[in-house]
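Numbering (full-length UniProt numbering), first residue to last: 1 to 162. Glycine included, every Cβ here is placed at the ideal spot set by N, Cα and C. The structure appears right after this line, and notes come after that.
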């Protein structure tokens, strides 16, 4: 009986610790590392091109057909204002759910899965308006800074005005 109650105590502590942590899929654009909450990621796939769409901004690479679902692909490097990615076979598309839609973001590479404490997430410093607009926060993980992507902000403004 006592062992059972001890196990219950331990699982309560583990659950409490789990509520204060966040698991991220980390990926890179050049030397920068970014992350998104792992629960939003549906699939990671090799870059195979995308069908371009008219009247879209430069950061929209086009769409892919993913088992019958049309998924728009966003070039994260271009979205951050660093010019379009010249994709190679080493680039990957991270397919995620944003609300009830699926989107893909083109990144240089997926690096790992990170577990971070929510208390360690800091506000994005003022100064770079694109970073401030597209990031939810910044966290330090093993001596590197990881920008937390705001997926809703990244996919907004895809159509050209006018």
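Between which residues of its own chain and residue 124 is the CB-CB distance below 7 Å, once the five residues before and five after are set aside? Setting aside the 5 residues that flank it on each side, residue 124 is surrounded in the same chain by 131, 132, 135, 137, 138, each with a C-beta closer than 7 Å to its C-beta; the list follows chain order.
Relative to the C-alpha of residue 96, which candidate in 72, 157, 146, 58 has its C-alpha closest? Taking only the C-alpha atoms, the option nearest residue 96 is 72.
Given a cut-off of 9 Å, decide if residue 148 and residue 62 are closer than it, judged by their beta-carbon atoms. At a Cβ-Cβ threshold of 9 Å, residue 62 and residue 148 do not count as neighbours.
Could you name the residues that DSSP lists as bridge partners for residue 43? The bridge partners DSSP lists for residue 43 are 95.
Can you look up residue 75 in the DSSP assignment and give me helix, strand or coil? Three-state result, residue 75: strand.
Below 9 Å between beta carbons: does that hold for residue 38 and residue 107? No. Outside cutoff.
Here's the rule I'm using: 16 or more other beta-carbon atoms within 10 Å means buried, otherwise exposed. How should residue 64 be labelled? It counts as buried.
Report buried or exposed for residue 1, applying the criterion of at least 16 other Cβ atoms within 10 angstroms of its Cβ. Note that residue 1 has pLDDT 40, beneath the 50 cutoff, so the model's placement of it is unreliable and no number is given.
Put residue 50 into one of helix, strand or coil per three-state DSSP. Residue 50 falls in the coil class under three-state DSSP.
Hey, could you find the ends of the beta strand (DSSP E) residue 152 is sitting in? From DSSP, residue 152 is part of no beta strand (DSSP E) but of the alpha helix (DSSP H) over 151 to 155.
Proximity to residue 146 [Cα-Cα], best of 19, 102, 24: Per the Cα distances, 24.
Is it the case that the stretch 84 to 98 contacts the stretch 112 to 124, given that we only count it when at least three CB pairs across the two stretches are under 8 Å? Taking 8 Å as the limit for Cβ pairs, the verdict is that the stretch 84 to 98 does not touch the stretch 112 to 124.
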